[in-house]
Structures are given as C-alpha cells and as structure tokens.
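Visitor: Pasting a structure here, questions to come.
Right, here's the structure in full:
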C-alpha cells in the first residue's frame, strides 16, 4: 500500500517546487509477541509468559533507566529519541539487539493499521503522541486479551487521552510501584521539584529556602550576548587538585578565564559548555592554592591578590555534560525506622564533581558499596544537584570493583562481544589457504626473514619488520602490518562494534580489546613461525636511509622471530652474535638512528612521559613492584619505522583521496599553553625558544644541568604543555592545518596498529582502494558521517588514555597501602600553600602542603611567582622549582571512601 504526501518547497532562488514523498505501508510486519496467534513466532523477542506488554513514549525512553523487560519500542519513538539524544538512541538500539533483553522494535510508521496521517493545525509532538496511542490500541485488539497492553507515559494529557480512548495507561512511577520492587523505585529519575523535599533534610522549611545560585540566562540572551562580546563561550574544566577552581578556554579573548568557587561556577559541571561573563578587573585573581579538602561553599584559598588573569562567572549552560558518576554515599547514621525512603549525599570518586542528593529505599545495603548515580536536575535554591541511584558496582576498596569504576568513569565498553559480532569471525583453527596464496592481489613474502619486536608477553602482534641487503649496496626494508580488514568487512556487526569502541584499552592488569581475542591473538596476530596475512609497505633505502622507492602490497608472511624489546636489544649488543637475524636487526637499527637524527634536525620534538611499569602478581593481580618505564634503542628502532610507514601511507591515500583521507594532526601549542614551561625554565636560568618546534627542540637539547635527571624533567614539563593530537578528515581542513607539530611532519596518519585502533582499519581501507584492490565503502561519500566517526575516535582515544592513567593511580594506591616509603622528589610547580612534586622513581605527581589545608594561609610563607620560589617570611627556609626534596609517601583517607596517596616533606 502506498501513501503519498505532497508539499511545496521554496528554493534559494525564490522558486516554489512541488514535491511528492511516497511512504510504503505493509500488512506483514510482526508484533514480536510469542503469544500471538497471527504473527510468525520465530521473530518474537518478548517473553512467552509476559502478562503485561509495555509501550513507552519518547520522554520515558529519554529520561528513565531501561531496567524492565517486555517493552515494545515503536519506530516513531526511536526516531524522536535519535533526534534529541544520540547517546540514548545508541544505548536503546544496543538494548533492542541484545538477545538477553526482551525489547522489540515495531515499525509502526510502516504498518498500514498503525500509520497515522498528519492533521491540519496538529503539532508534530501531538501527532507523535497520537501515533503512539494508535499503536497501543492496535496491540490491544491484535493480541485479543492474551496479555495486557499498557502505555507508559508521564505526559498527563497523553495519559488522559489514552484512557478516554480505552487504552490502559500509567505513569512510570505508578507502574514501578505496582511491581513491589523497591530497588526499581530508586532508579526513577526525580523531577526538579523533588529538591524542595531534599532541602527539608537540611532543616530548611520551603518558606525559608534561600536563593543560592543566580538564574541561568535564557538561550536567546546568551546568543545575543555572545554575538556582542558581553559573554564568552567555552568548555568548563575543573582543577583536579582544587574542585573550587575551574577554567574556561575562550577563543574570543584568546586566554583562559578562571572561575573561582561554586557560586561563580553557578551549577556548571566539569565538561559543560558554558557562557561566561568577565568580572570587573579589580576582582581578577591569580590561581594560588593547591587544594581545598572540605566541600564548602565559596572560593579556594587566599584570593586577595590582583593579577592579569581574567576571572569570570558562569551565566548560562549551553550544553550539559551530565553522565553517570561512580562513588559512594557519605557515611551517616541509619534513620530511625529505616526501611522507607532515606535521603543521602553521594560523593563521586572524581573530586571535580559536587556531591549529589539522592533518595533511596536501600540505604543500609548501599553504605559500604561503590554505586553509580545519575544527575537529574540542579535547582538554584539547592546547594547540591539532585540525582538517582542507577546500580551497585561492588564493595568499596575491592580491586575488581575499583577497576570497574575506572572503566565506567571513562565510558569504556568492557562487555563481552555479542553473538552477532562473534558470528562474523572465521572458525578456528584458521590458516592461510591456497586461495589466499593464489590471489593476484597478494604477494608471497614467506621467504623473507620478518621479525616482530614488542613488549614482553605481547600476544596481539600488529607489526613485523624485515631488512635485507641488496646487491647494489642498498637495503630493502619492509613494515608488515596485520591485514585486519581481510576479516572485518564494512557494515557488519563486527565492524560496527570496532568503530564504536574505537581503540583497545590498556589497564595495568588487563587489556580490553577493540576486536575479539580470536582475531587479536590468533588469526591476525603476526606470531613467530606461523603464516599470516599482512599489508606491507616496502622501501628501497640507501645506507644513508634515503628512500629510493616505495611500494604497497597485500602479502603473506611467516615471521621468523617474535622478540621482546629486551631480547632484541641483547642481540644487538652481543658482539659474538653474527647470525642473519641479528645482522638484520643491527642494519635496521643503523638506518633508524639516521632517520631519527634527520627527523630531529627537521624540528621533531623528543619529549618524555612519566610512564610507569608495574610488576603484577600472576595469581592475585596485585602490584609487586613499580618503576619508571625504560626506553631502549630497540623501542626507538621500531618507533622510527612505524612513523615512516605512517607518513608514506598518509602521502599515498591523500594523493588518491584528497577530500576523505583520515589523517592525524598535532596543533601548534599557543604561547599561553607554553607559559608555565617558560616560567619554570626562566626560574632556573634557562631560556627556551618556542618560536617553532625546531627552536623548542634545540632549546630542550641545551637545557642541561649538573643533575642527570634535569633534562628529562624539563621534557616531561614540555609534554604537559602540548595540545592533543587528533584525527580528522582531509576535506574538513586546509593543507597547512594537517601539520603534526610534535613530529614536524606536514602529513601523518595511523596505519600500523589495526588490531588495536579503528583509525588504522579505516586507513587500510583507504590504502586498499588507492591500490584499486577494493572499492571505497559508501560511508566515504558522507562527509557529516565521516566527521562523526573522527569525533568518536578522538573521544575514545582520549578516554582510553585517561583510563590507563586512572588504572596506574589505582594500582599505585594498592602498592603503597602496605608500603609507606621515603624517597626523593622534584618540585615542578609552586603554589601559595605548597608545591607540586614529581617522584622520578615511581612516576608519581602530587601536592606537598607547607600550610595545613585547614588554615587559610598563616602569612608565614611568601610566593615569588617570577622566580618560582616559596620562602618563609623570616628567610630561614625556601624551596625553588626543580629543586630536589625528600618526601614521605603513604596512603591516607582524609575523607571517607576517598583514599589518596599523601606526600609530606621529611
């Protein structure tokens, strides 16, 4: 059945065109209920024993938690949700495809009996509500009383009309109460009016409630204010050491605006996009204190000093960054006659998040647990935001629980791969077939001595190398990368899952894979003495590491050795070894050194990071030892050839696809970003030139002192000032913006790790298409979709980095809990009440307080910002930046359930 709709559309030129949109209606769309006598039961997703089938409206889906089953999800509701909140839409789609959950999508917009025509003078919202009621009515008559059909809506008018039309309808709260499940009642999102009751818990009667925060400006006023330059837009970032100090990077004034105190933050959360109004200049303050321990209102530290740093206050929220938060309830005595609803304060593990008020009927069970809470609202009459309990993670302090918290806080998907994803994999055992060897697109390179060099115990081996001497005195050098796209086809559930995860995540004690282990550790892994499929970049190089020619080919290789960095280094260093493999390693290392030197001469930065290495107990998974990660020549050799392969592939794909190549850029850091580094260097008599990456690289090379660790420390500080490198599509920017500052390369991409990065999977497809091996997938024609993919890759990459760091922090706490330690540290930042130190032996950074945090400032200490020095007023003691100090480290718990590593001066 065909339904046509005619409408007129005005073109830019002013002409009016008549357009006809055709809508096909069917009568063979199944209802999904196994109790149905009419439909094909093989398509059923609902429970055979379900006495009630729920139909939910859009607002219920958008705002409530999907903890119930036997839900019919109408296509019109899904479409509305997609338009309003993409993350909720993705979550609901995943729920509907999860075989363990009983959710069924019914295409009501395409069924002849449930499609509704638009009526004149009817709003889109009213039409959608009517369509939901029509679908509910159809289900009621279609199932003929075999099960109750219940419409769940919190819209009073929609509910009233449904009841008038003979449809059973309830609010979500009344339905959940009827189930007799108090645990589900805690999951209900509370409306903002609940704040009134919550304030009564503070013994504030509603009539005496005070206005704590100023009202947010309406969006129309914010828009005109931004246009006139009265307001400034940016993302709010809360100081990790001091939750009462935040920064908003503003492009309109070219500087960061400092926001002091909860009052000026005006209910904004870390990550919110906000509109900020600058305060009068006599109220501008310098960032001074390290931290404030107590959750008190107001500003942080002594803010009497006036400086040139712009300060401001939040006047409106442009885009909220609320999500679910992990933490625990503030310890409190059990209320008398407990068992009913209790009010409690939730304390997030992330210090930057304010306490959140919740109501719960399970207080006794939750006090010693890590739980997840979602924010619902924040009334300007309430000191804290209101939220609701989502679920329990586990016992506080348990390592598995705390590791789970790390994953949740960083939005890492650690769920097992679904059966649909696993069904895309070839069966095991897998081996290279005769068809693979006969395939004309694939070169047989099994005769070459390829080898891999990786961290100890590496199982997901992405890359192998080879280096062969040629008769003309040159070298043939190859980088062979696992041919992941031979198994991951575009548009399959496996590809969709990998695209969503974006990257593998490396925690201290485990790895969370982007792709199933079948692929990462077996089928694609370039293990020793096993034939595997690869995508190869092969150069002819002179002994001076000049590239004569480059070719790209799909290949079959058989790695002759899977070495660890330590093993490869030992081979190269042992002069007694002259076997072919060791000779190839040495030749390759010689070329890598020349390439590295040339790259540095071009302006590439050699930065340093405080990367920590743990030795983990194989049985308990507890840390046995901790120390800085050691970089060897073997590491640098592999890195050099991976960089070269990435640059070669970037050049190749951009030449063929100038508008849709996925590249990686590193923006130039601004002068403001480099200011802390320049100030620190100047304080110790070093003048850094930051006019270009080459000038900075040369300056860093000359920044040496008597202390052998001094230069590494300066490089670590330089790393902290850098911008984030990001993925982008070539059509979104102009060629000068493609530049990678850190590598001093005009072009760069990621090609060498497709097992663990989805960006590399995309680049493999681009390279294959440039070689005319395959056609380019259709997504490359959809520019907005490509931009969305790049945004997700950047989000996932950053989250994976944050999760890795958080895992290191967690295991550092576990390690030092039973091992209080005295050690050496370096002062890296001076603040008003102390300084921040870096502990080289353990790669740890943290605050050391000279003034107790309970004091506002005793007047005993004087901070010299210019000289980066803090000294006692009587001149008896002073501390300089980069000075060595002796500290004591131990784990303390100044706030319940928030253990921290405390650093104190000896």
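Residue numbers (the UniProt record's numbering): 1 to 906. No residue lacks a Cβ here, since even glycine has one placed at the ideal position from N, Cα and C.
When you compare only the Cα positions, how much space is there between residue 459 and residue 767?
Guide: 26 Å
Visitor: Whole angstroms is fine: what's the gap from residue 531's alpha carbon to residue 325's?
Guide: 46 Å
Visitor: Using a Cβ distance threshold of 8 Å, determine whether the segment 809–821 contacts the segment 893–904, with at least three qualifying pairs required.
Guide: yes
Visitor: Is there contact between the segment 793–803 and the segment 681–689, where contact requires at least three CB pairs shorter than 8 Å?
Guide: no
Visitor: Which whole-angstrom value is the C-beta distance of residue 155 and residue 59, which I expect to be below 8 Å?
Guide: For residue 155 against residue 59, the beta-carbon gap comes to about 7 Å, under 8 Å, which counts as contact.
Visitor: Span of the alpha helix (DSSP H) holding residue 929?
Guide: Because the chain is modelled from 1 through 906, residue 929 falls outside the range shown and cannot be assessed.
Visitor: Can you give the beta carbon distance from residue 738 to residue 643, rounded, assuming they're within the 8 Å contact cut?
Guide: Contact flag wrong, Cβ pair sits at about 16 Å.
Visitor: Are residue 755 and residue 515 closer than 8 Å when you measure CB to CB?
Guide: yes
Visitor: My output table needs one value for residue 916: the three-state DSSP class, helix, strand or coil.
Guide: The requested residue 916 is not part of the displayed model; the chain covers only 1 to 906.
Visitor: If I measure Cβ to Cβ from residue 348 and keep anything under 6 Å in the same chain, skipping five residues before and after, which residues do I get?
Guide: 325, 327
Visitor: Under DSSP, the beta strand (DSSP E) around residue 843 begins and ends at which residues?
Guide: Residue 843 -> no beta strand (DSSP E), and no H or E assigned at all.
Visitor: Does DSSP put residue 460 in a helix, a strand or coil?
Guide: coil
Visitor: So which of 279, 243, 280, 252 has the shortest CA-CA distance to residue 269?
Guide: 243
Visitor: In its own chain, which residues sit with a C-beta less than 7 Å from the C-beta of residue 906, not counting the 5 before and 5 after it?
Guide: 822, 886, 887, 888
Visitor: Going straight from the alpha carbon of residue 390 to that of residue 357, what length do you get?
Guide: 13 Å
Visitor: What are the start and end residues of the alpha helix (DSSP H) that includes residue 228?
Guide: 219–228
Visitor: Whole alpha helix (DSSP H) runs in the segment 771–859 with 4 or more residues, listed along the chain?
Guide: 783–817
Visitor: Cα separation between residue 640 and residue 595?
Guide: 7 Å
Visitor: Which residue's Cα is closest to the Cα of residue 92: 68, 598, 108?
Guide: When only C-alpha atoms are compared, the closest one is 68.
Visitor: Can you say whether residue 368 is buried or exposed, counting buried as having 16 or more other CB atoms within 10 angstroms of its CB?
Guide: exposed
Visitor: Which word fits residue 637, buried or exposed, when buried means at least 16 other C-beta atoms lie within 10 angstroms of its C-beta?
Guide: buried
Visitor: Going by DSSP, which residues form a beta bridge with residue 518?
Guide: Paired residues: none, contrary to the question.
Visitor: Give the list of continuous alpha helix (DSSP H) stretches no shorter than 4 residues that lie fully inside the segment 717–751.
Guide: Runs of the alpha helix (DSSP H) inside the segment 717–751: none found.
Visitor: So what does DSSP say about residue 417, is it helix, strand or coil?
Guide: coil
Visitor: Based on DSSP bridge pairs, tell me the residues matched to residue 45.
Guide: In DSSP, residue 45 forms no bridge with anything.
Visitor: Which class does residue 595 belong to by DSSP, given the choice of helix, strand or coil?
Guide: helix
Visitor: Can you list, in chain order, the residues of its chain with a C-beta nearer than 6 Å to that of residue 387? Leave out the 5 residues immediately preceding and following it.
Guide: 356, 358, 373, 374, 375, 376
Visitor: Residues in the same chain with beta-carbon distance under 6 Å from residue 341, minus the five sequence neighbours each way, listed in chain order, please.
Guide: 359, 361
Visitor: For residue 201 and residue 175, what's the separation of their Cα atoms in angstroms?
Guide: With a pLDDT of 40 at residue 201, under the threshold of 50, the modelled position of this residue cannot be trusted; read the value that follows with caution. Approximately 27 Å, taken between the alpha carbons.
Visitor: So the beta strand (DSSP E) residue 395 belongs to, where does it begin and stop?
Guide: 386–395
Visitor: Give the DSSP bridge partners of residue 662, in chain order.
Guide: Answer is 729.
Visitor: Helix, strand or coil for residue 670, going by three-state DSSP, please let me know.
Guide: coil
Visitor: With distances taken from CA atoms, which of 708, 711, 750 is nearest residue 725?
Guide: By alpha-carbon distance to residue 725, the top candidate from 708, 711, 750 is 750.
Visitor: Pull up the DSSP beta-bridge partners for residue 861, would you.
Guide: 872
Visitor: Between the alpha carbons of residue 850 and residue 835, how many angstroms are there, rounded?
Guide: 8 Å
Visitor: Evaluate the contact criterion for the segment 476–484 versus the segment 770–778: three or more CB pairs, one atom per stretch, below 8 Å.
Guide: The segment 476–484 makes no contact with the segment 770–778, as fewer than three CB pairs between them are under 8 Å.
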